[in-house]
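A quick write-up on the structure given underneath.
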Amino acid sequence: MALKKKARMENALPESRYADGTIEKVFPSGNKVRFYPFEIKSADIPEHVRQSKFNPRRYEDLKLPAVQDILPSIQEAKRNTYHVYVIGTQDTFKVVVGLRRVFAVKQLPDAVLIGYRAAHLEEVDEQYLAQFSDVYVAPSFVDLGLTIRAEREFSTMTARQLGEVFGVSKDTANMAQRVAKLPKSILNIFPAYQYITFRFVKALSSLAVSEQQYQDVIESVKRHFADEMLSYMHNDVQKNYAKLSKNIENFILNELKPKTPKPENHWQARFKVKGVSTSLDTKGNLTLKFDSMVSDNTIEKVAELLHKEIN
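The working numbering puts the sequence shown at residues 8 to 318.
Shown next as structure tokens:
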């Protein structure tokens, strides 16, 4: 699926900048919030990053393919180009905007995370701010689905309500609700959630699959795509992860879809004619094949036999 691009948050809200480096943003609620600049060395970023419940991206599930579009520029500059936004203190904070940037900086030992921190945000403002998170590539419907599962208050909402909270369409929210019912393990074998398609989730969620079947197909994927999966760890920015994900999707569906047994071909015994063969497809449709040297008389004989069988 195409990766959704969004406008840059830093230009979306009215703001005032002050000599001490702080900025004051005016939210649609009318609240004015002061943000303070901060820097954190990569090594000081905690292993377990707290995140806003309104940011549907799942930090704990990010892999290198999910940040391959921003990692090179951060590596070159040794810092993120666009600021992250957090709430709390510099030692204890939760990320509202910029989870991908936090993850990317964390991968680079000599990099620095730059951002703005607010001591407190009203929930309505936190929700608004989170809708602009990781703006270059918007959080996927899979991220949203896992957020629905993780946050109890979202799991009871309708698709329409979810759409209003997260700024997505009803169809996207519906698909996210399907994701919430799938085993997380089947989603984690992909390079990044952003490459998983509606088509795959729709097809997979319509199948009756046991826990053991999921486990078996996951192991099969790991064996079949072992070499490609190694590139996740080596930051192969040239890798076509969208194509790889599509191949993984097709492999999984092919393994899990019920196999339709080919019907027994009872026609072969009835058409014991030299130069003529019969075959049936999975739906039972008959195909007759004639050798190039078959005579007209033989063809007429087959036609008579076929007419007799049908009638």
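We put the beta carbon where it would ideally sit given N, CA and C, even for glycine.
Beta-bridge partners of residue 149 (DSSP): none assigned. In this chain, the alpha helix (DSSP H) harbouring residue 193 covers 191-194.
Taking C-beta separations shorter than 6 Å and ignoring five residues to either side along the sequence, the partners of residue 260 in its chain run 210, following chain order.
Between residue 155 and residue 187, the gap from beta carbon to beta carbon is short of 7 Å. Sorting 237, 201, 185, 228 by C-alpha distance to the C-alpha of residue 214 places 185 at the top. Assignment of beta-bridge partners to residue 48 by DSSP yields 119. For residue 162, the uninterrupted alpha helix (DSSP H) segment begins and ends at 159-162.
Each of 72, 81, 176, 217 was checked against the Cα of residue 249, and the nearest Cα belongs to 72. Unbroken beta strand (DSSP E) runs of no fewer than 3 residues, entirely contained in the region 13-88, are found at 22-24, 30-33, 39-48, following chain order. Listed as beta-bridge partners of residue 92 by DSSP are 104, 123. The residue among 302, 48, 68, 237 with its C-alpha nearest the C-alpha of residue 150 is 68.
Of all alpha-carbon atoms in 315, 293, 282, the one lying nearest the alpha-carbon of residue 304 is that of 282. As the crow flies, the alpha-carbon of residue 256 is around 29 Å from that of residue 164. Relative to residue 96, the option among 77, 122, 262, 298 whose CA is nearest is 122.
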